[in-house]
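Participant: Sharing a structure here in structure tokens format.
Numbering (the numbering used here), first residue to last: 53 to 281.
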């Protein structure tokens, strides 16, 4: 809505992402269903609802304040990149230096041991999902601000890239291991691969092949190493 102030748009994006993330976490805990299954199911639900609401049309004429911010470059650095770096730093501090963040690692490593220690996954995990959803909302907001419009198919295929970036960066698929620094490096590596394919005039369809092969390779290597240990 071009008439809505940018702060209101930002708040709505963050709250929506946070709430939907919390809902995913709550459904996973209460239904005792693997988080990835719940996330993929709600992904289809949310995307279908969005397409129904927009009629498949692009969202254009966004707030001028929002697009002005998204296209600005303080000190030659794109503003969305600065915000993303700040979010990564904040997440790093939360995970490594705050009790709530350390509880997440404990639950991911051994949920039974965490329960014995008094850490209740049913309370902690929805909060973790809410934070992840809030960050997803922030990412969507930054992309909309950067390009000044939202395509109805924006984000399709991002789920695999997000998983690949995390796994390549050292995050264990079952939880309990990994960090923000590794995820950032994994993301940069995938971005580098995508840019190299363009420079080498390789078909864009090969990007999915490379991402999938890298993901499978890391998972296979991790499995072999764990068996040897």
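Virtual Cβ for every residue (Gly too), placed ideally from N, Cα, C.
Between residue 220 and residue 266, how many whole angstroms is the CB-CB distance? I'm expecting something under 8 Å.
Facilitator: Confirmed, Cβ separation roughly 6 Å.
Participant: Per DSSP, which residues does residue 202 bridge with? Please list them.
Facilitator: Residue 202 pairs with 111.
Participant: I need the boundaries of the alpha helix (DSSP H) containing residue 116, first residue and last residue.
Facilitator: Start and end: 116 to 122.
Participant: Nearest chain D C-beta to residue 58 closer than 8 Å, yes or no?
Facilitator: No chain D is part of this structure, which consists of one protein chain only.
Participant: So, using beta-carbon positions, are residue 192 and residue 62 closer together than 8 Å?
Facilitator: Result no, Cβ atoms of residue 192 and residue 62 do not sit closer than 8 Å.
Participant: Taking the alpha carbon of residue 33 as the point to measure from, which residue in 126, 56, 172, 136 has its own alpha carbon closest?
Facilitator: Within the shown structure, residues of the chain are numbered from 53 to 281, placing residue 33 beyond reach of any answer.
Participant: Leaving out five residues before and five after residue 237 in sequence, what residues of the same chain have Cβ atoms less than 6 Å from its Cβ?
Facilitator: 221, listed in sequence order.
Participant: Starting from the Cα of residue 163, find the closest Cα among 251, 246, 81 and give me that residue.
Facilitator: Cα-wise, what sits closest to residue 163 is 81.
Participant: Quick check on residue 274: does DSSP put it in helix, strand or coil?
Facilitator: Note: residue 274 maps to helix in three-state DSSP.
Participant: Below 8 Å, can you find three or more Cβ-Cβ pairs linking the region 196 to 208 to the region 116 to 128?
Facilitator: The answer is yes - the region 116 to 128 touches the region 196 to 208, with three or more Cβ pairs under 8 Å.
Participant: Ignoring anything shorter than 3 residues or poking outside the region 177 to 233, list the beta strand (DSSP E) runs there in chain order.
Facilitator: Segments of the beta strand (DSSP E) lying fully in the region 177 to 233: there are none.
Participant: So the alpha helix (DSSP H) residue 79 belongs to, where does it begin and stop?
Facilitator: Per DSSP, residue 79 belongs to the alpha helix (DSSP H) from 58 to 83.
Participant: Can you check whether the CB of residue 171 is closer than 8 Å to the CB of residue 155?
Facilitator: It is a contact, given that the beta carbons lie within the stated cut-off.
Participant: Whose C-alpha, out of 166, 98, 59, is nearest the C-alpha of residue 185?
Facilitator: Residue 185 has its Cα closest to that of 98, out of 166, 98, 59.
Participant: At what residues does the alpha helix (DSSP H) containing residue 89 begin and finish?
Facilitator: From DSSP, the alpha helix (DSSP H) with residue 89 extends over 87 to 106.
Participant: Classify residue 115: buried if its beta carbon has 16 or more other beta carbons within 10 angstroms, exposed otherwise.
Facilitator: Per the 10 Å Cβ criterion, buried.
Participant: Taking the alpha-carbon of residue 92 as reference, which of 212, 204, 224, 69 has the nearest alpha-carbon?
Facilitator: The candidate whose alpha carbon is nearest that of residue 92 is 212.
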